[in-house]
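Here the structure is laid out as structure tokens; the discussion comes afterwards.
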Amino acid sequence: MAVGAIHPGQLYALACETPDLACPLISGLIDDAREQLQRVTVVLGARSRAWQSALERRGAGTASERERLIILGHQPPPLRDGARNNTIRLIDELDFFGAAGSVLILTDPEDLLSSDDAGLRRQLRWLRDWAAETLTAVVMVFNDLEAHSRIERLRQAGAGFVGVANLGEYSGDLALRLELWHGMPSAHDYLLRETPDHAFELRPELPARHFTEPAQLEGAKDRDQVYITRETALQDPRPPSDWTVVDEPEDLLKRADALVACTCFLEAGPPERFRSLALLVCALRRQVGSGVKIVIRDHTQRLRTVQKLILQRMGANVVVSATYGPTQLVTVFEALRDQLFLKPLPDDPEAALDALEPPASLGFLSLDAFGKQCQQSLNKAEASGIECAMVRLFLLPDVRMDEAISLCRTRRGGDVFTVDNRSLYVFLYGCWEHDVAMTLARLFARPIAELFVGHVQHTDPSAIRRALAELEARGAHLNLPDFTSASSVAMALDLSEADEPTAGDSAAPQPVRKITAVSMPLLPAQSEGMPA
């Protein structure tokens, strides 16, 4: 069933919390293209492993499918400013691969866009002109924690979107909000539920008990009110004076009956307060309903991405960076202004926290203990839809094993390492594939090029288990010395540098989701002559 139409020569934006939530849309576009003999070009970004797998499962590798489906890939530039010329290069490559005239789906488009406003406006103009000239429908899919604010920034820069939609989950189904879509009611909510015959039943509104009418939100007295804690208000730079200050986050629970459409802004606080914060967020969400926006600001960049996921599953709308000041926060609040929290809350918040929190173990382990801990971590991660990685690093001939161990400083629960006679193995809990290199660089006190000649990494759970089995078999024949003293040195250094930024903060989990198709028909630009 059609949700909205995609028109040639126009720009669209889609916000979703994870890549898997966008897979139904991409799959639906491919299905519609096949029926209408139109082509789809998917440009997969660095965080698009889930989409790649979904496309492969849908037969994207078959010859008949390849005639109307082009799958390309892009990597972010080494430096953020390197994105200035990415649009020109992207357009040239799209022309070279024959993507003009198709439906172009850009995943992780933020990696292609300039960080300065002037450069961004130029890029959007080039992309908009190219789309109009080549009759290419461009769909930008943002799937990180700041998706809504990124889209709002593009709209302010003059992106000229004719469609903006938000995808979320509600009780296992897809919930779709059309913020803007030509031919469709604005700010309208839909529930997409799969039927037994694998079609979709489109429900124009969510159930009344879970949906606050836009008119009711518009008339809420607290619609533009922001609540912050006194601790946050005293920070520099100071927030606007019209924001309401409460002494403690718990005070918001006492005001819950009066909160309808306001924004509650909380600091994440130090790591030891994370669990109490998550439980508070869940309790607050239960009392205030779906219309209140709960925004959490990271605490000096110490939150792991799995912790950000926990906060969002507990009821937070978004978690923003520790660097966000009042001006950037206002932009985020505006982007969230009409957003509803549609996801179901856990029945048992304590149990949900236990299931999602990383294992307590960290640091150096013996070969036997390492294998057992990794197996337990993999089981826990798969049950919660969290990704892990294991890396084998080969030592340079002139680097002693105890030296390498002393320079490896894991600070996150679940991150453990061990050694055999010539390699060091690191297991990273809750780490995306594209974050492995950055995390490794932060784990060691010296550049890894000075310690290792190369490395092999695994991110697929089955591949990790095979590597663990091989390590166990090889370790049975090794007589390794006791490296406990070297690991103790590293642990002591960790404790003395506890105020340093945590390694691998950007490692992000991906929820597991069944892939189904959402139909957004492609409207042909002309009745004949379109590329087949």
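Just so we're aligned, residue 39 is where the sequence shown starts under the working numbering, counting upward by one.
Think of the CB as a built atom: it goes at the ideal place given N, C-alpha and C, for glycine as much as any other residue.
Just so you know, these numbers come straight off a predicted model, no measurement behind them.
Here the alpha carbons of Cys-300 and Thr-369 stand approximately 15 Å from one another. Contact annotation: Ala-373 and His-186 have beta-carbon atoms nearer than 9 Å.
For the pair Gln-48 and Val-200, the CB atoms are nearer than the 9 Å cut-off. No Cβ-Cβ contact shorter than 9 Å links Leu-405 with Leu-291. For Trp-168, the three-state secondary structure derived from DSSP is helix. Two segments are said to touch when three or more pairs of C-beta atoms, one from each, lie closer than 8 Å; by this definition the region 424 to 438 touches the region 484 to 502.
In the structure shown, the three-state DSSP call for Val-298 is coil. Of all alpha-carbon atoms in Glu-508, Leu-378, Asp-149 and Glu-131, the one lying nearest the alpha-carbon of Trp-168 is that of Glu-131.
For Trp-470, the closest C-alpha among the options Phe-371, Lys-410, Phe-134 and Val-344 is that of Val-344.
Counting C-beta pairs closer than 8 Å gives fewer than three between the region 321 to 332 and the region 358 to 366, which falls short of the contact rule.
Cα atoms of Leu-315 and Ile-129: separation of roughly 45 Å, rounded to the nearest angstrom. Ser-314 is bridged by DSSP to nothing; it lacks a bridge partner.
In the same chain as Pro-384, and ignoring 5 residues on each side of it, the C-beta atoms closer than 6 Å to its own belong to Ala-390, in chain order. DSSP lists Thr-301 as the beta-bridge partner residues of Lys-331. Classified as buried, Asn-355 has 16 or more neighbouring CB atoms from the shown chains inside 10 Å of its CB. With respect to Val-474, Leu-466 sits close: the two C-beta atoms are nearer than 9 Å. According to the DSSP assignment, Ser-140 belongs to no beta strand (DSSP E), since it is labelled neither H nor E. Judged by their CB atoms, Ala-203 and Arg-215 are nearer to each other than the 9 Å cut-off.
Look at Leu-378 here: in three-state DSSP terms it is coil, with no helix or strand label. The residue among Val-454, Ala-393 and Lys-381 with its C-alpha nearest the C-alpha of Cys-412 is Val-454. In the displayed model, Gln-495 falls within a strand according to three-state DSSP. Within 10 angstroms of the beta-carbon of Asp-154 lie fewer than 16 other beta-carbons, which makes it exposed. Annotated as distal: Met-428 and Leu-462, with beta-carbon spacing of 9 Å or more. Phe-134 counts as exposed, since fewer than 16 other beta carbons sit within 10 angstroms of its beta carbon. For Arg-191, the enclosing alpha helix (DSSP H) has its first and last residue at 185 to 194.
If only complete runs of 3 or more residues are kept, the region 417 to 497 shows the beta strand (DSSP E) at 426 to 433, 454 to 457, 461 to 467 and 490 to 496, in order along the chain. One thing to note: Lys-418 has its Cβ no nearer than 9 Å to the Cβ of Pro-387. Burial of Thr-145 is indicated by the presence of at least 16 other C-beta atoms within 10 angstroms of its C-beta. Only residues of its own chain outside the window of five on either side were considered, and among them Ala-296, Leu-297, Val-298, Ala-299 and Cys-300 have a CB closer than 8 Å to the CB of Asp-260, listed in chain order.
Shown here, Glu-148 sits in a helix according to DSSP, grouped into three states. Assignment of beta-bridge partners to Asn-204 by DSSP yields Ala-53 and Arg-215. Restricting attention to Gly-206, Ala-258 and Asp-336, the CA atom closest to the CA of Thr-270 is found in Asp-336. For the pair Leu-347 and Gly-83, the Cα-to-Cα distance works out to about 21 Å. Cα atoms of Val-78 and Leu-142: separation of roughly 6 Å, rounded to the nearest angstrom.
Residue pairing from DSSP places Ile-109 in a beta bridge opposite Val-80.
Between Ala-43 and Met-178 the beta-carbon gap is near 17 Å, outside 8 Å, which marks them as no contact.
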